[in-house]
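A short write-up of the structure that comes next.
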Ligand SMILES: Cc1cc2nc3c(=O)[nH]c(=O)nc-3n(C[C@H](O)[C@H](O)[C@H](O)COP(=O)(O)O)c2cc1C
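Numbering (the working numbering), first residue to last: 2 to 387.
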């Protein structure tokens, strides 16, 4: 058994936001599974999300849940547009919370990136093979009648009625998330999906109040944040995920993100989840950083410092010491782990062990008791061999 360290690394320390305490600083990043049927979560979501909660993450966020059926990226996305869809998520949410982790849902609308193939079927527009599979395309709506790029669908520009319905749909989905017992929700405002296409000058050529200058382009994101905060309990944190930069000339810049984060903070958003890119369908980072280790942490640090708001850092954070260095340097308050969590659902517990802070008492009883004895056996074998 490893002795308790004098000072616990920040990664393993709790963080309280409003009345909600994250047991540690490691969260699971939202990750679409494309495993739903007609928007309903099923066994895969329970086992996938439940496994990550077992793995010791302080918070587990679901993948993007569409607030309207046409806001799904693919036929495999989960939805939160009806009470029945929310109930389908209940086993996973209950299980996450039973493990002592916080449960969150990401609320989303795919905009012009809706009605696509699941990645492993090509990640393009739905075609003849998909129709044969029963995956019919649907009419998509977006900020402007502009496709992501060649070969992508052209959305219908959303009118005022569409926008009003959308804002209400985000609020209704948040109400359902609260009734499910979720501890936090995140508004998806990143990666070229609907809200981000309103924000970016590369994808918004509207001439009404929702386009034009930065104020106009931010209007919808702020209306959604205000509507969600209006129904979301005061004691529970609200996250907002942004693309900190587009990564293309003439696009959304970090200075825009700083302004947006300030406005979101004023509306009661608690955490800015700092991602980047996706507006043009792929990410080209123009400042030379090119997707290196922790490549988005500088954006998180800048927003955290300039706006004085909590941030979540994400992107190519591979191990505990790297996460700990980011937290200690003040680059973020929470660290979201994506693909490493798929690779190793027990990521946090394994990092704890490597960093010398593990005792198996923190594992679920069903595993910890045995692992403690296993560890002692291994030690004994090693010592007898020396
Ligand atoms: C399979 C998969 C699905 C994803 N789905 C979402 C999603 O639903 N919402 C979202 O905001 N980001 C999504 N992302 C992006 C991740 O949340 C994360 O930001 C990204 O993978 C970078 O973190 P990583 O390097 O730790 O994987 C997804 C990523 C992966 C790998």
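Even glycine gets a Cβ: it sits at the ideal position worked out from N, Cα and C.
In this text the structure is predicted, and so the values were computed from the model without any measurement.
(Q) Our contact map puts residue 349 next to residue 58 with C-beta atoms below 8 Å; I'd like the distance itself, whole angstroms only. (A) 5 Å
- Query: Can you name, in chain order, every residue of its own chain whose Cβ lies under 6 Å from the Cβ of residue 287, other than the five neighbours on each side?
  - Reply: Since pLDDT at residue 287 reaches only 49, below the 50 mark, its modelled position is unreliable, and the value read off the structure follows with that caveat. 248, listed in sequence order.
Contact check, residue 273 vs residue 262 under 8 Å by CB: the rounded distance? 5 Å
### Query
Of the residues 332, 308, 365 and 334, which one's Cα is nearest the Cα of residue 347?
365
- Rounded to a whole number of angstroms, what is the C-alpha to C-alpha distance between residue 289 and residue 154? Residue placement at residue 289 cannot be trusted, given a pLDDT of 49 that sits under 50; the coordinates are not used to answer.
* **Cβ-Cβ separation, residue 170 to residue 82 (assumed contact under 8 Å), whole Å** => 7 Å
Is it buried or exposed for residue 48, if we count other Cβ within 10 angstroms and need 16 for buried?
exposed
Starting from residue 293, trace the alpha helix (DSSP H) in both directions and tell me its first and last residue. Looking at the DSSP string, residue 293 is not in any alpha helix (DSSP H), and its letter there is neither H nor E.
Which residue or residues does DSSP assign as beta-bridge partners of residue 108?
66 and 188
(message) Between the segment 333-346 and the segment 310-318, can you find at least three pairs of beta-carbon atoms closer than 8 Å?
(response) yes
* Asked: Ordered along the chain, which non-local residues of its own chain (more than five positions away) have a Cβ less than 6 Å from that of residue 324?
  -> 12, 318 and 336
**Request:** Using a threshold of 8 Å, state whether the C-beta atoms of residue 361 and residue 345 are closer than that.
**Result:** no
Item checked: Opening and closing residue of the alpha helix (DSSP H) in which residue 217 lies -> 215-232
Checklist entry - Using 8 Å as the Cβ pair cut-off and three pairs as the minimum, do the segment 110-129 and the segment 75-95 touch? => result yes
Just checking my contact of residue 268 with residue 333 at CB under 8 Å: how many whole Å lie between their CB atoms?
Actually they do not touch by this definition, with Cβ atoms about 21 Å apart.
Between residue 275 and ligand 1, is the CB less than 7 Å from at least one heavy atom? no
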